[in-house]
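In my numbering, the protein residues as written are 5 to 158. By construction, the Cβ of each residue, glycine as well, lies at the ideal position given by its N, Cα and C atoms. On a predicted model such as this, the values are computed, not experimentally measured, just so you know. See structure below.
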C-alpha cells in the first residue's frame with residue numbers, strides 16, 4: 005500500500021488517494037482461451053454485481069497537497085467514523101505487467117484436443133486512474149484507463 009503523500013508524486017493516480025501497485029515481468033506464459041467458461045463466468049459476475057447494494061456516499065473528491073496537510077491534525081476523530089470512511093474508499097490498483105512470448109491457445113470446441121495457437125510476441129499492460137466528469141448528472145467518477153501494447157505478433 006502506497007501512502008497518500010506518494011500519490012502526489014505518481015502521475016497515474018489522483019493526488020490524495022492511497023493506492024496499491026503490481027509490477028510483474030513474465031516469460032513464456034501459455035494462455036488457454038475458453039470462451040464457454042468466460043461467457044458463463046461473466047454472466048455470473050453480472051448477476052452478482054446487480055445484487056450489490058447501492059453506495060450511500062459519494063466517492064471522495066481529489067484534494068490538493070495543501071488540503072491534505074490541513075486535514076492531518078483533524079484525524080483524531082472517533083474510530084467508527086474512520087472505518088466507515090475507509091469502507092467507502094475504492095481500491096486503486098496500478099498495473100505494470102509485461103508478458104514476453106505469451107502463447108494463446110484457442111480450442112475449436114470445449115471437448116476438442118484440436119486448437120489454434122497464436123504467439124502474441126510481447127504484451128505490456130499498464131493503467132492509470134483518473135477523475136472524469138459524468139455528462140448526465142455532472143458528477144465526478146473515478147475511472148480506470150487500461151493500455152495494452154502488443155509488439156512482435158506472429
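message: Rounded to the nearest angstrom, what separates residue 31 and residue 152 at their Cα positions?
response: Near 17 Å, if we compare the C-alpha coordinates of residue 152 and residue 31.
field: Enclosing beta strand (DSSP E) for residue 25 [first to last residue]
entry: The continuous beta strand (DSSP E) containing residue 25 extends over residues 24 to 31.
message: Quick test of the definition: if touching needs 3 or more C-beta pairs under 8 Å, does the stretch 39 to 47 touch the stretch 134 to 147?
response: no
- request: Could you name the residues of the same chain whose beta carbon sits closer than 8 Å to that of residue 11, not counting the 5 residues immediately before and after it, in chain order?
  value: Setting aside the 5 residues that flank it on each side, residue 11 is surrounded in the same chain by 17, 18, 19, 20, 21, 22 and 23, each with a C-beta closer than 8 Å to its C-beta; the list follows chain order.
message: According to DSSP, is residue 52 part of a helix, a strand, or is it coil?
response: helix
task: Assuming residue 96 contacts residue 26 (C-beta within less than 8 Å), just tell me the rounded distance between them.
output: Contact flag wrong, Cβ pair sits at about 12 Å.
Residue interval of the beta strand (DSSP E) (run including residue 107): 107 to 111
query: Just how far apart, CA to CA, sit residue 103 and residue 131?
result: 15 Å
query: Looking only at its own chain, which residues have a Cβ that is under 8 Å from the Cβ of residue 165, when we skip the five neighbours before and after it?
result: Nothing about residue 165 can be reported from this structure: the residues present for the chain run from 5 to 158 only.
- prompt: With residue 56 and residue 109 assumed to form a contact (beta carbons below 8 Å), what rounded beta-carbon distance in angstroms separates them?
  reply: Rounded, the Cβ-Cβ distance is 34 Å, inconsistent with contact.
For residue 40, three-class secondary structure by DSSP: helix
query: Can you name the residues that DSSP bridges to residue 117?
result: Partner(s): none; residue 117 has no beta bridge.
- prompt: Residues in its own chain within less than 6 Å of residue 114 by CB, not counting five upstream and five downstream?
  reply: 40
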